[in-house]
Amino acid sequence: MLKATLISAALGLALASPMWAQSANLTTSPPGEGYEQVSKLVKLPDFLPGMGQLFVKPATLPAGPFLAYDRHGKLVSSIYMIPLKDLNDHKTFDNLATGPHKVDHVTFMYNAGHPGVEVPHYHVILWYVSAKEAAALK
Numbered sequence: 001m002l003k004a005t006l007i008s009a010a011l012g013l014a015l016a017s018p019m020w021a022q023s024a025n026l027t028t029s030p031p032g033e034g035y036e037q038v039s040k041l042v043k044l045p046d047f048l049p050g051m052g053q054l055f056v057k058p059a060t061l062p063a064g065p066f067l068a069y070d071r072h073g074k075l076v077s078s079i080y081m082i083p084l085k086d087l088n089d090h091k092t093f094d095n096l097a098t099g100p101h102k103v104d105h106v107t108f109m110y111n112a113g114h115p116g117v118e119v120p121h122y123h124v125i126l127w128y129v130s131a132k133e134a135a136a137l138k
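Quick note on numbering: the sequence shown equals residues 1 to 138 in my numbering.
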């Protein structure tokens, strides 16, 4: 059941109409529009290998979206951090923003918790780059 819920959520996000404008200030780092660097909000490194440099609007926590950028400042993914409890409670997440790019692939990643989202949760990652480019984020 949980797997079906996660797959449905990812497909909905991937197929949704972009809610962000085709805005250069979101496609390159640092983004504007109220996004803050995650490493300045919580105790995390400036760049997370395998994910990138993260930015989020604090009011959207814990779900996000978190915008992830490569070391050249290019937007590579949008990440949603969905608490396991919310999934088990069948909480609905309506109108989560999606990025301005075509989604190349989606990754689901379990996380037991970390600074900023301390509870067990899933990272739902909408990648705007190929799997090879995503794997190269170091």
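Glycine included, each C-beta is placed from N, C-alpha and C at the ideal position.
The beta carbon of K102 lies closer than 8 Å to those of Y128 in the same chain, with the five residues before and after it left out. F108 and D86 have their C-alpha atoms some 16 Å from each other.
Straight-line spacing of the CA atoms in G52 and D89 works out to 30 Å. Scanning I125, V42 and K132 for the CA closest to the CA of A68 turns up I125.
DSSP places N25 within a helical segment (H, G or I) once states are collapsed to three.
In this structure G64 is in contact with V56, their Cβ atoms being roughly 6 Å apart against a cut-off of 8 Å.
In the DSSP assignment, A134 falls within the unbroken alpha helix (DSSP H) covering A131 to A135. Beta-bridge pairing by DSSP links P83 to H121. Within the same chain, Y122 come within 7 Å of Y110 by CB-CB distance, once the 5 residues on both sides are set aside.
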